[in-house]
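Residue numbers (the numbering used here): 4 to 321.
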């Protein structure tokens, strides 16, 4: 058995895989640990893996490979990955974000390597991109992206058939592009007015006083005020997608994440219009689609890392 670990700003999910097919076993999920010492998240993961093993009667010591799909960004310290995720580490933006810790980073790779013999960690959107290219809506595409619209905004990028990583494995953090001077949009990274601070799931409630699900439901029911809010969200998100398309000359973008997936039929045509209505010499032929793996994309992202080899090249080391 292998461990498949999905770390998000809202929840952590752990499953076990036999290494054969897409089947996952003993899935467990909890809110992401954000209190206590900075290794609390790593300790939570190890505990969940051991509990999953106990559920199906597997000796924990036999689970020696772990694929980890994690929200980022990453920081490399002593050659090992730590998380500097703004929806997890409260010390980055400070008390204004309301997170219950002062962590600047959360150690991840070092404590996991104490438990597992082989560990592959990737940004969650890079891992989701691998899953979508292997099993989902991006099969056969060499110039593509996976974008999540969820608690945060994240992107995995593939150009000329090669996944992009960057110096610390942080390529694709397009959610932190500056797009506005809004003074009501504080991101967990400390920026005011980036994409994530304006349209991410946790930003919608802070800015508009209702959670994303409620805003989307009201808009689809014809509430004019909510429709205006969602139109503005799609304008900002659509511009981000347009920028990715023009910079990378993409063929297809697969979209997932809770905000998008739960409202895909409503949001998809609006986002496609935002992309396609500008500079067709660069945007023609770029199609936006819902993630082929749907709500399972997060679970199968970590599995894709193991399917492609736990020792495959992942985040570069300085």
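For glycine and all other residues, C-beta sits at the position ideal for the given N, C-alpha and C.
Enumerate in chain order the residues of its own chain whose CB-to-CB distance from residue 163 is below 8 angstroms, with the five nearest sequence positions on each side excluded.
-> So the qualifying residues of the chain are 145 and 146.
Hey, would you say residue 284 sits closer than 8 angstroms to residue 243, going by beta carbons?
-> no
Return the residue from the list 40, 75 and 112 that minimises the CA-CA distance to residue 68.
-> 112
What is the DSSP secondary structure of residue 15, counted as helix, strand or coil?
-> strand
Leaving out five residues before and five after residue 42 in sequence, what residues of the same chain have Cβ atoms less than 6 angstroms from its Cβ?
-> 110 and 114
Residue 70 versus residue 305: straight-line alpha-carbon distance, rounded = 5 angstroms
Beta-ladder partner(s) of residue 151, from DSSP | 157 and 259
Where DSSP assigns a beta bridge to residue 77, which residues make up the other side?
-> Beta-bridge annotation (DSSP): residue 77 is paired with 86.
Within this structure, are the beta carbons of residue 13 and residue 40 separated by less than 8 angstroms?
-> no
How about residue 237 and residue 277: do their beta carbons lie closer than 8 angstroms?
-> yes
How would you label residue 263, buried or exposed, when you count the other beta carbons within 10 angstroms and need 16 or more for buried?
-> buried
Distance, Cα to Cα, residue 24 vs residue 218?
-> One C-alpha to the other measures close to 38 angstroms.
By a C-beta neighbour count over all protein chains shown, 10 Å radius and 16 as the cutoff for buried, is residue 187 buried or exposed?
-> With fewer than 16 Cβ atoms within 10 Å of its Cβ, residue 187 is classed as exposed.
For the alpha helix (DSSP H) containing residue 7, list its first residue and its last residue.
-> Where residue 7 is concerned, there is no enclosing alpha helix (DSSP H), although the beta strand (DSSP E) it sits in stretches over 5-10.
Applying the criterion that 16 or more other CB atoms from any shown protein chain within 10 Å of the CB defines a buried residue, is residue 44 buried or exposed?
-> It is buried - the Cβ of residue 44 has at least 16 other Cβ atoms within 10 Å.
Environment of residue 21 [buried if 16+ CB atoms lie within 10 Å] = exposed
Counterpart residues of residue 32 in DSSP-defined beta bridges = 16
Integer-rounded CB distance, given that residue 154 should sit under 8 angstroms from residue 103 | Their Cβ separation, rounded to whole angstroms, is 16 angstroms, which puts residue 103 and residue 154 out of contact at 8 angstroms.
Give a yes or no on whether the C-beta atoms belonging to residue 174 and residue 161 are separated by under 8 angstroms.
-> no
Are residue 302 and residue 30 touching if we call contact CB-CB under 8 angstroms?
-> yes
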